[in-house]
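Written below as structure tokens is the structure these notes are about.
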Amino acid sequence: MALLRARALYDFKSENPGEISLREHEVLSLCSDQEIEGWFEGVNSRGDRGLFPASYVQVIRAPVAEPPAPLPVPAPARYANVPGGGFEPLAAVVAAATSPATAFSNPPPAQQQQQQHHHHQQQQHQQLPPPAEPFQLLPPPPATSGFSSFQAVPPSYGGSSYQTSQGSDDDWDDDWDDSSTVADEPGVLGSSYPDYENAGMGVGGPGGSSGRYRLSTRSDLSLSSRGSQPGAHLQHPAAGGAKSSATVSRNLNRFSTFVKSGGEAFVLGEASGFVKDGDKLCVVLGTYGPEWQENPYPFQCSIEDPTKQTKFKGMKSYIAYKLVPSHTGQQVHRRYKHFDWLYGRLVEKFPVISVPHLPEKQATGRFEEDFISKRRKGLAWWMDHMCSHPVLAQCDAFQHFLTCPSTDEKAWKQGKRKAEKDEMVGANFFLTISVPAGGPAALDLQEVESKVDGFKSFTKKMDDSTIQLNQTVNEFARKQVTGFKKEYQKVGHSFKGLSQAFEMDQQAFSVGLNQAIAFTGEAYDAIGELFAEQPRQDLDPVMDLLALYQGHLANFPDIIHVQKGALTKVKESKRHVEEGKMEVQKADGIQDRCNIISFATLAEIHHFHKIRVRDFKSQMQHFLQQQILFFQKVTQKLEEALHKYDSV
Numbered sequence: 000m001a002l003l004r005a006r007a008l009y010d011f012k013s014e015n016p017g018e019i020s021l022r023e024h025e026v027l028s029l030c031s032d033q034e035i036e037g038w039f040e041g042v043n044s045r046g047d048r049g050l051f052p053a054s055y056v057q058v059i060r061a062p063v064a065e066p067p068a069p070l071p072v073p074a075p076a077r078y079a080n081v082p083g084g085g086f087e088p089l090a091a092v093v094a095a096a097t098s099p100a101t102a103f104s105n106p107p108p109a110q111q112q113q114q115q116h117h118h119h120q121q122q123q124h125q126q127l128p129p130p131a132e133p134f135q136l137l138p139p140p141p142a143t144s145g146f147s148s149f150q151a152v153p154p155s156y157g158g159s160s161y162q163t164s165q166g167s168d169d170d171w172d173d174d175w176d177d178s179s180t181v182a183d184e185p186g187v188l189g190s191s192y193p194d195y196e197n198a199g200m201g202v203g204g205p206g207g208s209s210g211r212y213r214l215s216t217r218s219d220l221s222l223s224s225r226g227s228q229p230g231a232h233l234q235h236p237a238a239g240g241a242k243s244s245a246t247v248s249r250n251l252n253r254f255s256t257f258v259k260s261g262g263e264a265f266v267l268g269e270a271s272g273f274v275k276d277g278d279k280l281c282v283v284l285g286t287y288g289p290e291w292q293e294n295p296y297p298f299q300c301s302i303e304d305p306t307k308q309t310k311f312k313g314m315k316s317y318i319a320y321k322l323v324p325s326h327t328g329q330q331v332h333r334r335y336k337h338f339d340w341l342y343g344r345l346v347e348k349f350p351v352i353s354v355p356h357l358p359e360k361q362a363t364g365r366f367e368e369d370f371i372s373k374r375r376k377g378l379a380w381w382m383d384h385m386c387s388h389p390v391l392a393q394c395d396a397f398q399h400f401l402t403c404p405s406t407d408e409k410a411w412k413q414g415k416r417k418a419e420k421d422e423m424v425g426a427n428f429f430l431t432i433s434v435p436a437g438g439p440a441a442l443d444l445q446e447v448e449s450k451v452d453g454f455k456s457f458t459k460k461m462d463d464s465t466i467q468l469n470q471t472v473n474e475f476a477r478k479q480v481t482g483f484k485k486e487y488q489k490v491g492h493s494f495k496g497l498s499q500a501f502e503m504d505q506q507a508f509s510v511g512l513n514q515a516i517a518f519t520g521e522a523y524d525a526i527g528e529l530f531a532e533q534p535r536q537d538l539d540p541v542m543d544l545l546a547l548y549q550g551h552l553a554n555f556p557d558i559i560h561v562q563k564g565a566l567t568k569v570k571e572s573k574r575h576v577e578e579g580k581m582e583v584q585k586a587d588g589i590q591d592r593c594n595i596i597s598f599a600t601l602a603e604i605h606h607f608h609k610i611r612v613r614d615f616k617s618q619m620q621h622f623l624q625q626q627i628l629f630f631q632k633v634t635q636k637l638e639e640a641l642h643k644y645d646s647v
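Written out as structure tokens, the structure reads:
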């Protein structure tokens, strides 16, 4: 028996949870020699366990005469939650992985016969196929072919990587720290019907009520040997010998966006829930391909009159903004923390939609006029993009944010709790997507992949150019506020000095000239002030727009990652079909669900381009108009100075 080791060929610095750093020439212990999506899992010389790129190491196999000494116990792994609340020491995990018969040293009586059966099968096979997942902290399924594997238990689907920051800017006070829950209202998903999985209900829910549809993707991947064990469908393709035993492997990195968003669970057929008519997100085929169905009742919302307010008898101060939605006409007041909460809910709910970023927080100077004005403009841009999006604009949480009266604290909390209990998140979110007539088969995977790759290159180039333009514009604005103003006023001061010198001649016929030169100096002083004030009119709005789009561009790598992850599963399932390890029906189900994600991704890409053209057209027109007005003011000052010499 050989202990699996590897030697690091290069240095590698971990950047994500679940990864470990490597040093060149360092010897590592591998948990498995199976490379999964370009990653190995193992332990470095410092006792850290995690993932690292397979291309950074060279696998070496050194025979050992006796069992290896126990490895140092690492810190609890953040990607391998052990049922029961604990974490297995690494030595125990490695020992279990290399010895199937002792993977569970004290099995319950119900499992002893299964393990004896596994041991008997081991004696009949000279070489076992590598497990599909190197770590599975669950009992082995009954129909395995003699191997025990470990599976990293994934976090619950639907979790969000976004966390609302709770700095000094708008602290979470009494109306947000209330930990009590509001009683579930009748008709709210998950309250009236607590057990959907075991109730045996069909389409429409209990009693066949309309407007609620039971959707599930579980049946496509159900296996005869799966039983009720949550990890049983992860058997190795060769385990059962039949086509139905092959499944698409899971991502080893449980922290990837594809996994956390629920995209993997949906594609693998594990999403199940009731979808109401109001939750449906419709994708239609437009002139340029898939796009979101337009909002039948478009509206806008203004953000005005930021005012400083207090509570707790003046002990707590904050800024409240007046919002006036056009579709209700009723004004409401919201604080920044309300925007922050809404942003968190939207990011959690819509993994393939680019939710615009909020203006950044600021620890100090929150009540300064310039900061308040800048934040209001940023929130106005954010609100415009929210109202312009066909999906985000109709989201229940957003409508609650816009319409709930500021003075009705109870109604606000009820809507807030309802949004936080939304079950159409994670894998279930993808159940709400309704694709055009013709179904998912209307998409060509190669064409989709080409379009997404092209958009990925576009966003990278756009991101680079927006960063460069933002730096250039910022530097130009700084020069106008300081350098240009100073230089023009220096010229004006010099003209005034010349005028004062001419006044010493005391000649009556030179008075007009002296006054004209002095006026010219004053004109240059005024032009200097115009330069200092101009960036507020033209350059600052450009930088505000660039900041908003930099937030969008930061969102798209994760959106693309979800779509790419789905395409990877389709390719893997097709390979299984070609090898005779998977039924065509199951592979078709995976492809159909991948196409649903592709429809949504392409629709979001189309919407991004649509608003990009709208915004940059409008902003460039505004910029040039303001530039023209500016130079007209400069020209006017110079013409006034010129006319002073007519009477000399």
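Letter 283 of the sequence shown, counting from 1, is numbered 282 in numbering that gives the first Met the number 0, and no numbers are missing. Even glycine gets a Cβ: it sits at the ideal position worked out from N, Cα and C.
Residue i to residue j span [Cα, whole Å]
| i | j | result |
| --- | --- | --- |
| residue 474 | residue 483 | 12 Å |
| residue 611 | residue 543 | 14 Å |
| residue 669 | residue 29 | Nothing can be reported for residue 669, as the shown portion of the chain is limited to 0 through 647. |
| residue 432 | residue 571 | 24 Å |
| residue 374 | residue 304 | 12 Å |
| residue 555 | residue 458 | 8 Å |
| residue 618 | residue 541 | 7 Å |
| residue 609 | residue 250 | 34 Å |
| residue 39 | residue 565 | 21 Å |
| residue 358 | residue 547 | 8 Å |
| residue 453 | residue 265 | 25 Å |
| residue 568 | residue 261 | 14 Å |
| residue 415 | residue 396 | 8 Å |
| residue 672 | residue 350 | This structure gives no information on residue 672, because the portion of the chain shown stretches from 0 to 647. |
| residue 247 | residue 445 | 20 Å |
| residue 44 | residue 24 | 11 Å |
| residue 344 | residue 604 | 21 Å |
| residue 3 | residue 34 | 13 Å |
| residue 340 | residue 616 | 32 Å |
| residue 398 | residue 336 | 17 Å |
Where residue i sits in the DSSP three-state scheme
| i | result |
| --- | --- |
| residue 498 | helix |
| residue 446 | helix |
| residue 238 | The predicted model places residue 238 with a pLDDT of 34, which falls under 50 and marks its position as unreliable, so this point remains unresolved. |
| residue 275 | strand |
| residue 267 | coil |
| residue 529 | helix |
| residue 492 | helix |
| residue 7 | strand |
| residue 610 | helix |
| residue 593 | helix |
| residue 561 | helix |
| residue 41 | strand |
| residue 386 | helix |
| residue 254 | coil |
| residue 301 | strand |
| residue 23 | coil |
Spatial neighbours of residue i in its chain, beta-carbon cut-off 6 Å, leaving aside the 5 residues before and after
| i | result |
| --- | --- |
| residue 523 | 487, 490, 491 |
| residue 12 | 20 |
| residue 281 | 292, 433 |
Counterpart residues of residue i in DSSP-defined beta bridges
| i | result |
| --- | --- |
| residue 308 | 317 |
| residue 49 | 41 |
| residue 333 | 320 |
| residue 648 | No statement about residue 648 is possible, as the shown extent of the chain runs from 0 to 647 and does not include it. |
Beta-carbon proximity list for residue i, same chain, < 7 Å, skipping 5 on both sides
| i | result |
| --- | --- |
| residue 256 | 557, 560, 561 |
| residue 22 | 7, 10 |
| residue 15 | 254 |
| residue 509 | 501 |
| residue 652 | Here the chain comprises residues numbered 0 to 647, so residue 652 is not present and cannot be evaluated. |
Sequence-distant residues of its chain with Cβ nearer than 8 Å to residue i (five each side left out)
| i | result |
| --- | --- |
| residue 296 | 326 |
| residue 465 | 545, 548, 549, 552 |
| residue 330 | 321, 322, 323 |
Near the ligand ATP: residue i beta-carbon under 7 Å from a heavy atom
| i | result |
| --- | --- |
| residue 361 | Although the ligand ATP was asked about, the structure shown includes no ligands whatsoever. |
message = Taking contact to mean 3 or more Cβ pairs, one atom from each stretch, closer than 8 Å, check whether the region 403-423 and the region 534-541 are in contact.
response = In short, these stretches do not touch, since the Cβ pair count stays below three.
task = Taking 8 Å as the threshold, find out whether the region 629-639 comes into contact with the region 494-512 through three or more Cβ pairs.
result = With a cut-off of 8 Å, the region 494-512 and the region 629-639 do not count as touching, because too few Cβ pairs lie within range.
ask   = Any contact of the region 277-285 with the region 573-584, i.e. 3+ C-beta pairs under 8 Å?
value = With the cut-off at 8 Å, the region 277-285 and the region 573-584 do not touch.
key: Touch test, the region 283-293 against the region 398-405, Cβ-Cβ under 8 Å, three pairs minimum   = Contact between the region 283-293 and the region 398-405 is not established, with fewer than three Cβ pairs separated by less than 8 Å.
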